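Numbering (this note's numbering), first residue to last: 936 to 1769.
Where a beta carbon is used, it is the ideal one built from N, C-alpha and C, also for glycine.
Source: prediction; values computed, not measured.
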Amino acid sequence: MTETLPSYLSALNPEQREAVLHEEKSLLILAGAGSGKTRVITTKIAYLIRERGIDPRSILAVTFTNKAAREMAERAAAIESRAAYAMLRTFHSFGAWFLRRYARLAGLNPSFTIYDDDDMASLLSSICGEKSKADIKLLSHQISRAKDYFISPDDPEIKIINYKKEFQTIYKRYEERLAEIGNADFGDLIKKPVEILRNNPDVAAEIRGRFRVVMIDEYQDTNIAQFTLLKELCGADAYVCVVGDDDQSIYRFRGAEVRNILEFPERFPHTDIIRLERNYRSTAPILRVASSVVDNNKGRLGKTLTAERGGGKTPVLAFLPNQDEEAHFAASLIERYFADARSDTKRAADKQSPVKKYSDWAILYRTNAQSLGFETELLRRHIPYRVVGSLKFYEREEIKDALALLSFLANPRDEVSFRRVVNKPARGLGDVAVGRVITEAAGGDLFAAARRTAPILSAKARSGLQSFTEAVDAGRAVLANFALWDDPTDGAALADAAMDLFEDADDGASPQTEKAGRKSRKKASPAPDAAANMPTTNAPAVSGNKKTKDAAQPSLRSGEGLSVCVVTLVQSAGLAAYHLTHDEIAGNQRIANLQELANAASLYPATGAGLIEFLEHIDLDRSMEEQNATDGEGVDSVTLITLHNTKGLEFKRVIITGVEQGVFPRDDKKDDDLEEERRLFYVGATRAMDELYFTCCAARRMFGQTALMEPSLFLSEIDKSALRVIGQPPYGFSARPAAGAFQHSTSQRGVASRKRGRQSGDEDSAGDSSTGTFWKMGDRVFSDDNGYGFVTEIRPHATGPIVVVLFDTGKEMSFLSRHQSSKITKISGEDHDG
DNA sequence: TAATCGATCTTTTTT
DNA sequence: AGATCGATTA
């Protein structure tokens, strides 16, 4: 039978193939890490279209990240080009698509914009201004959670989130204000579609008629609202296929419910379950380490991943004195990788060894803040890197300002954006004047209200308000088809017209032409100042030589499409001048950032719909992947990334950093939260294909102070023989110890030194009686010629031990201890005391 | 009304 | 250490 199958199917293993060919009612695929689940999904999409004659437009596949969605679309289309017509989106992007389409039914204008967490907080503080910032943050978090659980203000279940009556009141008020403004928050993108489906049987019928196949990836991370949406989306005869891994559920904190995957068979009757337990990604030693940690979790379905790959190196655990050494160590590993490559090529130039790339490497950390040290070090060594998922660009003041202007242009009822920019730069508008405009608007069009209010204000406020409205007017003037939004109260015709504009590739236009059009526009648009893109975080190769040249006269250039609008708005509002004069040091950089935003906008048409599309894209996908990638995959670079963000990715070599108690796991974690951190460990470790490293620091600067750290609990859960330990383990450390404390000796003069436990790895050390030096793997050394380095190998030799040192420069040298040890000085490690 | 200085807290993780 | 917030001052 196999030979009758097309090659894309026969290439699958039996379980994968079974999953692809399955076609009864519902399917739950329990897919371990690296078991080829993306391959299964994409192949299944292709198979359904090609072999089963399913209309691609009736397929909906949902993922969690934009990156995953893009990858899925690419891979499916590579097998079967018609897959481009299928709807492959993130949950939120699908929600936004749906909500625009049926906006009216939720009382929204189809041109609504999306409020992020910050906007949410701003709105909340305008509702209850007396609250502290922390309280506001908590409230917005709880409202988000409520929406994740599909709980409305009046739902009695609201007590689960917050039992106080006050919370209910505020939540309710928040919903009213948001409705007045006419925007949606993240939760609404899921919750409102459900409500529309429930309240409008005709819409439900239409949607259910359309989507015959629904697939969901990373199902273990869905929340209740998303589950509810799935239920509403699927008609009685829809085919539902979900893929997930309970061991990789890491988003409980934002409402993910592992129950969804555990109870899926009950919720969807006649479910078949297929397990994918063959891991194709990692070598066995890596899987062993990953499993030994997650095995300590209680609440799991339990599965056994088996490595399909033989051999493999033992993962390395490096004990290091502090953060700086950690960054040194990571950078050195990467440099050595390439140093090896150079010597390799001489010896075995004809051997077909794969090309070594920076992108083979990823440095993982628990919190975004940890990236800084690595950035500094990589920058210093001219190792190109990119920081994944760093929101920094959109968190910049000038970018937020510009986006607020655009948002206000898109929705003149947007009070949050209005407040942000109406008096920025200072136009002499104080609380009084702004308050008057808002009162006048009475929840309606603030732009119109501003014009009406201006005449009755003081001369100063009047001219300020006028200059603001003129700026907005100027921005509006460069947009075509803007009339649509002039009167948001104009009902059906408006929505219908808007819907045409927002209509996606699915109805009518071929997705290929659409995408091609988009692409070519992107290509055509110059990608100047790619360096300016992520100023603090970009690769060193592109640091700003070009910028300094025109630093004398920085000005915004408008390019194609919507960039005209961005530039016009920012210029005429005086934002560019404001930031330039306000911040003499960073001013030019700010202009460059604004320029970058304008460049991104040039991919969109200069129309009202283009504006909405642009804003939606920014709200739903802040990864900067697209903008960053100048051509194809972009510059080859090391990946710096949070553990959470690595989900679904893989790298040849992975360094998991900061594996210390208090950092990973955070020390306030226990029980369920601790189990989630364990899963996070599992996710991180299983990203590695060939080599895996852990780093654990004895001391770490936190809050401006140096704190002594203990090794992570997780390290102690790993079988000692599964790791190769280098550096100085703290006294008493051994993997899998009798439960007990790790203890540190106190640090001395900034460099914490640790007494080595007697029991650990004596085969990796050697004393040299002639010099009185005791060498050990991982010892930190210094040489006048080569700077700092680590002892990476100790070999016995007739005339005494040979010590191999990897210097931070990447250079590796061997020293015959007896004769040459004077060239290298041990600066930390085993003290000479016993 | 805006800018500046000190006090205070910070770090999860993300669509 | 760095951001952020509030109070004080110009």
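Hey, how far is the Cα of residue i from the Cα of residue j?
i, j, result
"ALA1508", "ALA1544", "22 Å"
"ILE1014", "GLY971", "15 Å"
"GLN1401", "ASP1556", "34 Å"
"ALA1383", "VAL1351", "16 Å"
"GLY1122", "TYR1050", "10 Å"
"ALA981", "LEU1023", "13 Å"
"ARG1588", "ASP1090", "49 Å"
"ASP986", "ASP1608", "Per the sequence presented here, residue 986 reads as Glu, with Asp not at that position. Computed Cα separation, rounded: 45 Å."
"SER1217", "ALA1242", "7 Å"
"TYR1144", "LEU1168", "Note that residue 1144 is Gly in the sequence shown here, rather than Tyr. In a straight line, the C-alpha of GLY1144 is about 10 Å away from that of LEU1168."
"ARG1210", "LEU1240", "10 Å"
"GLY988", "ARG1017", "11 Å"
"GLY1363", "ARG1354", "13 Å"
"PRO1664", "THR1302", "24 Å"
"LEU1414", "ARG1386", "20 Å"
"GLU1626", "TYR1617", "15 Å"
"TYR1174", "TYR1300", "39 Å"
"ASP1181", "GLY1365", "53 Å"
"ILE1208", "PRO1045", "40 Å"
"LEU940", "MET1055", "53 Å"
Output yes or no for whether 8 Å exceeds the beta carbon distance between residue i and residue j.
i, j, result
"ILE1125", "TYR1154", "no"
"LEU1338", "ILE1151", "no"
"ASP930", "GLY1234", "No answer is possible for residue 930: it lies beyond the span of the chain, which begins at 936 and ends at 1769."
"ASN1118", "ARG1331", "no"
"PHE1309", "GLY1713", "no"
"VAL997", "THR977", "no"
"ALA1266", "GLU1312", "yes"
"LEU965", "LYS1335", "no"
"GLN1258", "CYS1631", "no"
"TYR1293", "ASP1603", "no"
"PRO1220", "ALA1536", "no"
"VAL1573", "ILE1298", "yes"
"THR1206", "SER1498", "no"
"ASN1346", "PHE1047", "yes"
"PHE1649", "VAL1594", "yes"
"SER1060", "ILE1078", "no"
State buried or exposed for residue i, treating a residue as buried only when at least 16 other CB atoms are found within 10 Å of its CB.
i, result
"SER942", "exposed"
"HIS1027", "buried"
"ALA1011", "buried"
"LEU1113", "buried"
"THR1581", "buried"
"PHE1549", "buried"
"SER1490", "exposed"
"SER993", "buried"
"GLN951", "buried"
"SER1393", "exposed"
"THR1000", "buried"
"PHE1033", "buried"
"GLY1246", "exposed"
"MET1637", "exposed"
"SER945", "exposed"
"GLN1103", "buried"
"GLN1640", "exposed"
Considering residue i, what are the terminal residues of the alpha helix (DSSP H) in which it resides?
i, result
"SER1227", "1219-1229"
"VAL1351", "1350-1356"
"SER1075", "1068-1083"
The beta strand (DSSP E) spanning residue i covers which residue range?
i, result
"GLY1179", "1174-1179"
"VAL1322", "1320-1322"
"PRO949", "Segment 949-956 is the alpha helix (DSSP H) holding PRO949; no beta strand (DSSP E) there."
"VAL1251", "1251-1257"
"THR1311", "First-last for THR1311: 1306-1315, but that is the alpha helix (DSSP H), not the beta strand (DSSP E)."
"TYR1300", "1296-1300"
"ALA966", "961-966"
Review point. Where in the stretch 1531-1617 do unbroken runs of the beta strand (DSSP E), each at least 3 residues long, occur, reported from the N-terminal end onward?
Key: 1573-1577 and 1586-1591
Review point. Of all the alpha helix (DSSP H) runs that stay within the bounds of the stretch 1137-1205, which reach a length of 4 or more residues?
Key: 1159-1168, 1194-1197 and 1199-1202
**Study point:** Ordered list of beta strand (DSSP E) runs contained in the stretch 987-1058, each at least 3 residues
**Key:** 994-998 and 1022-1025
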